[in-house]
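**Student:**
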Amino acid sequence: MRRSILAAVLGLLSASRAFSQEVPAADHHQHLFSPDLVDVVSRTEPVSQFPPITAKDLIGHLDAAGIKRAVVLSTAYIFSQPSRKVENDYERVKADNDWTSAQVAQYPDRLIGFCGLNPLREYALTELARCAKDPYLRRGLKLHFGNSGVDYHNRQHIAQLQRVFRAANGYGMAIVVHMRASVSLKMAYGREEAQIFLNELVPAAPDVPIQIAHLAGAGGYLDPAVDQALSVFEDAIARQDPRARRLWFDVTTVAIPDAATEEMVRIATRIRQLGVQRVLYGSDAASGTPPREAWAEFKKVPLTPAEFQTIASNVAPYFQ
Numbered sequence: 468m469r470r471s472i473l474a475a476v477l478g479l480l481s482a483s484r485a486f487s488q489e490v491p492a493a494d495h496h497q498h499l500f501s502p503d504l505v506d507v508v509s510r511t512e513p514v515s516q517f518p519p520i521t522a523k524d525l526i527g528h529l530d531a532a533g534i535k536r537a538v539v540l541s542t543a544y545i546f547s548q549p550s551r552k553v554e555n556d557y558e559r560v561k562a563d564n565d566w567t568s569a570q571v572a573q574y575p576d577r578l579i580g581f582c583g584l585n586p587l588r589e590y591a592l593t594e595l596a597r598c599a600k601d602p603y604l605r606r607g608l609k610l611h612f613g614n615s616g617v618d619y620h621n622r623q624h625i626a627q628l629q630r631v632f633r634a635a636n637g638y639g640m641a642i643v644v645h646m647r648a649s650v651s652l653k654m655a656y657g658r659e660e661a662q663i664f665l666n667e668l669v670p671a672a673p674d675v676p677i678q679i680a681h682l683a684g685a686g687g688y689l690d691p692a693v694d695q696a697l698s699v700f701e702d703a704i705a706r707q708d709p710r711a712r713r714l715w716f717d718v719t720t721v722a723i724p725d726a727a728t729e730e731m732v733r734i735a736t737r738i739r740q741l742g743v744q745r746v747l748y749g750s751d752a753a754s755g756t757p758p759r760e761a762w763a764e765f766k767k768v769p770l771t772p773a774e775f776q777t778i779a780s781n782v783a784p785y786f787q
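Every number in the working numbering is 467 more than the matching position in the sequence shown, counting from 1.
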């Protein structure tokens, strides 16, 4: 009798442990939206209507998913997106980074914040230095190459990006980068551009984690150019290239609803080639798919339970 009770208890503990391991320890790609940012986007892009998202809203979504922590990547760079032509954009960028900092400060045991800016703006290094002194933004920098209009074949752009990467490295700030070049501007992107990223930008920040968002894409995994870009990092990892030592990859929005089977299989293959120990869970802003639903969508990728558990338990060094 006692043995059967003990076996039952042990079984429940084992099941509970397995369940907890399948809940991501952290969401590595989240955004908040300030009222000011929502207003700017609604006026410059009327079809993109969404409400503000506060830290309180995000905490509710994390609780619903059972996720303990998240990194909030400031979207202040949107104010300096070239196509929006926002007046006095630096003042708006500063204000939005400050708003993000104040939101994160409300939940310091759950959230950490990253500074957001357009690296090509003349004030980029000034704003980065300011963020590096903010206790709620100093852990990292979020860059969005597509939104910022980065051209991998513009030598001035690459030189400026190197300055920003070096500065972030000097401040000990991790870098999360949406490295996919602009789709709307039809900028070149693929294996050659990823090689430029690896050869010229990664060496400028050798001491901090560099997290490549969306598996080097912008969401989903249908675009052949994204697969070509990601292959550069897979090759570097396979040959134990020292430049790949601090690279991480988040799977934010790569698994989309109704994705074709072959697309999901390709995602699983690429994750294994990168190494599941380098892969981080992220879900993006909750105005799209909340963390709980995003994790359920990602669980449709044909990985093994052990692989999902590894990804769920991975936590980037910048959380420490």
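Heads up, the beta-carbon is just placed ideally off N, CA and C, and yes, glycines get one too.
(1) Going by the DSSP bridge assignment, what does Val490 pair with across the sheet?
(2) Report, in whole angstroms, the separation of the C-beta atoms of His624 and Leu592, which I expect to be a contact under 8 Å.
(3) Do Pro724 and Glu764 come within 8 Å of each other at the CB atom, strictly closer than that value?
(4) So, using beta-carbon positions, are His496 and Asp690 closer together than 8 Å?
(5) Classify Asp717 as helix, strand or coil using the three-state DSSP reduction.
(6) In this structure, how does DSSP classify Leu697 when only helix, strand and coil are distinguished?
(7) With H, G and I counted as helix, E and B as strand and the rest as coil, what does DSSP make of Lys609?
(8) Determine contact between the segment 620–637 and the segment 547–554, defined as no fewer than three beta-carbon pairs at a distance below 8 Å.
(9) Secondary structure at Ala537, three-state DSSP: helix, strand or coil?
(10) Suppose you measure from the CA of Arg606 to the CA of Gly639; what does that come to, to the nearest Å?
(11) Specify the secondary structure class of Leu447 as computed by DSSP and reduced to three states.
(12) Would you decide whether Glu660 is buried or exposed? Buried here means 16 or more other CB atoms lie within 10 Å of its CB.
(13) Determine the DSSP secondary structure at Ala641, reduced to helix, strand or coil.
(14) Compare the beta carbon distance of Ile545 and Ala753 with 8 Å and say whether it is the shorter of the two.
(15) Taking Leu741 and Ile704 to be in contact with their CB atoms under 8 Å, please state how far apart those CB atoms are, rounded to whole angstroms.
(16) What are the start and end residues of the alpha helix (DSSP H) that includes Gln740?
(17) Using alpha carbons as the reference points, say which of Asp506, Asp694, Arg710 and Tyr688 lies closest to Ala722.
(18) Can you give me the C-alpha to C-alpha distance between Lys523 and Trp762, rounded to a whole angstrom?
(19) Using the Cα positions of Ala696 and Ala641, report the straight-line distance between them to the nearest angstrom.
(20) For Leu529 and Lys535, I'd like the C-alpha separation in whole angstroms.
(21) So, is Gly789 buried or exposed, given that buried needs 16 or more other C-beta atoms within 10 angstroms?
(22) Report all residues from its chain with a CB closer than 7 Å to the CB of Gly533; omit the five preceding and five following residues, and keep chain order.
**Tutor:** Considering the structure as presented:
(1) For the purposes of this step, residue 490 is identified with residue 23 of the sequence shown, where counting begins at 1. Answer is none; Val490 lacks a bridge partner.
(2) On the sequence shown, residue 624 is found 157 positions in, with the first residue counted as 1. On the sequence shown, residue 592 is found 125 positions in, with the first residue counted as 1. In fact, because the Cβ distance is near 15 Å, the residues do not count as touching under 8 Å.
(3) One-based indexing of the sequence shown puts residue 764 at position 297. One-based indexing of the sequence shown puts residue 724 at position 257. Closer than 8 Å, so yes.
(4) Position 29 of the sequence shown, counting from 1, holds the residue named residue 496. Position 223 of the sequence shown, counting from 1, holds the residue named residue 690. No, the Cβ-Cβ distance between His496 and Asp690 is not below 8 Å.
(5) Mapped onto the sequence shown, residue 717 falls at position 250. Strand at Asp717.
(6) Translated into the one-based positions of the sequence shown, residue 697 becomes position 230. Of the three classes helix, strand and coil, the one that applies to Leu697 here is helix, per DSSP.
(7) If you number the sequence shown from 1, residue 609 lands on position 142. Of the three classes helix, strand and coil, the one that applies to Lys609 here is strand, per DSSP.
(8) no
(9) Within the sequence shown, numbered from 1, the residue matching residue 537 stands at position 70. Here DSSP, grouped into helix, strand and coil, assigns Ala537 to strand.
(10) Residue numbering aside, residue 606 sits at position 139 when the sequence shown is read from its first letter. Residue numbering aside, residue 639 sits at position 172 when the sequence shown is read from its first letter. Computed Cα separation, rounded: 7 Å.
(11) This structure leaves residue 447 out entirely; the chain is present only between 468 and 787.
(12) On the sequence shown, residue 660 is found 193 positions in, with the first residue counted as 1. Flag for Glu660 reads buried.
(13) For this step, residue 641 is matched to residue 174 along the sequence shown. It is a strand residue.
(14) The sequence position of residue 545 within the sequence shown is 78, counting from 1. The sequence position of residue 753 within the sequence shown is 286, counting from 1. Not in contact: Ile545 and Ala753 (Cβ atoms no closer than 8 Å).
(15) Within the sequence shown, the letter at position 274 stands for residue 741. Within the sequence shown, the letter at position 237 stands for residue 704. About 6 Å separates the two Cβ atoms, so the contact holds.
(16) Within the sequence shown, numbered from 1, the residue matching residue 740 stands at position 273. Where Gln740 is concerned, the enclosing alpha helix (DSSP H) stretches over Thr728 to Leu741.
(17) Taking the first residue of the sequence shown as 1, we reach residue 722 at position 255. With respect to the C-alpha of Ala722, the residue from Asp506, Asp694, Arg710 and Tyr688 having the closest C-alpha is Tyr688.
(18) Position 56 of the sequence shown holds residue 523. Position 295 of the sequence shown holds residue 762. So the two alpha carbons sit approximately 20 Å from each other.
(19) Within the sequence shown, numbered from 1, the residue matching residue 696 stands at position 229. Within the sequence shown, numbered from 1, the residue matching residue 641 stands at position 174. Whole-angstrom Cα-Cα distance: 21 Å.
(20) Here residue 529 is taken as the residue at index 62 of the sequence shown, counted from 1. Here residue 535 is taken as the residue at index 68 of the sequence shown, counted from 1. Between Leu529 and Lys535, the alpha-carbon positions lie close to 7 Å from each other.
(21) Residue 789 cannot be examined here, being either before or after the span of the chain that is shown, 468 to 787.
(22) As a position in the sequence shown, residue 533 is number 66, starting the count at 1. Same-chain partners within the cutoff: Val490.
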